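If you read the sequence shown in our numbering, its first letter stands for residue 1, the second for the next number, and so on.
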Amino acid sequence: MKGDDTVTDLDRLLENWESVYKKGLLTFWLLLLLDEKPCYPYEMSAEVMRLSEGTISADDNSNYRAINRFEEMGLVTSQSGESKLGPPRKYYRLTEDGRELLQRFIERNILIFQHPAVAEHIQHVLQNGGNDGQ
Numbered sequence: 001m002k003g004d005d006t007v008t009d010l011d012r013l014l015e016n017w018e019s020v021y022k023k024g025l026l027t028f029w030l031l032l033l034l035d036e037k038p039c040y041p042y043e044m045s046a047e048v049m050r051l052s053e054g055t056i057s058a059d060d061n062s063n064y065r066a067i068n069r070f071e072e073m074g075l076v077t078s079q080s081g082e083s084k085l086g087p088p089r090k091y092y093r094l095t096e097d098g099r100e101l102l103q104r105f106i107e108r109n110i111l112i113f114q115h116p117a118v119a120e121h122i123q124h125v126l127q128n129g130g131n132d133g134q
């Protein structure tokens, strides 16, 4: 990966890594959103974009599939609610199991980034480009 192709190859690698990473995080962002407020699937895409500051996007079909899976697992419940426009909408909210799963995921996978040694190393990489594997 040397020469002019380095940036292109690295960009491709980064895009592939981010694609896998973001697909895995959709569950996190949807559960985090539903912890904040009940939502109907159509509004979830925009709300996930807002919560993730534009870093995570998902189409409506992905959201519907995920929400249906969550409901089957008992992580969310649904309730019909009023709509300002059109027919009633199906709103989803977290169950206690959904909240516990979200909390445990955060404890195991998110809070590690707040550990001083990890945070310090991340800052070092951002400022200096890492240690060149040494």
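Idealized CB from N, CA, C, for every residue including glycine.
It should be emphasised that the depicted structure is a prediction, and the values quoted were computed from it without experimental measurement.
**Item:** Outcome for A46 when other beta-carbon atoms lying within 10 angstroms are tallied against a minimum of 16
**Value:** Sequence index remark: in the sequence shown, residue 46 carries index 46 (1-based). The residue is exposed, with fewer than 16 neighbouring Cβ atoms inside 10 Å.
**Prompt:** Between the beta-carbon of N63 and the beta-carbon of L101, is there less than 8 Å?
**Reply:** Position 63 of the sequence shown holds residue 63. Position 101 of the sequence shown holds residue 101. The answer is no: Cβ separation not under 8 Å.
**Prompt:** How many Å lie between E43 and D59 at the Cα?
**Reply:** Here residue 43 is taken as the residue at index 43 of the sequence shown, counted from 1. Here residue 59 is taken as the residue at index 59 of the sequence shown, counted from 1. If you take the alpha carbons of E43 and D59, they lie about 11 Å apart.
**Request:** Return the bridge partner residues of G81 from the DSSP annotation.
**Result:** The residue given as residue 81 occupies position 81 in the sequence shown. For G81, which the question treats as bridged, DSSP gives the partners R89.
**Asked** Quick one: what's L205 bridged to in DSSP?
**Response** Here the chain covers residues 1 to 134 and nothing more, so residue 205 does not appear.
**Asked** Does the count of Cβ pairs from the region 9-20 and the region 82-100 closer than 8 Å reach three?
**Response** no
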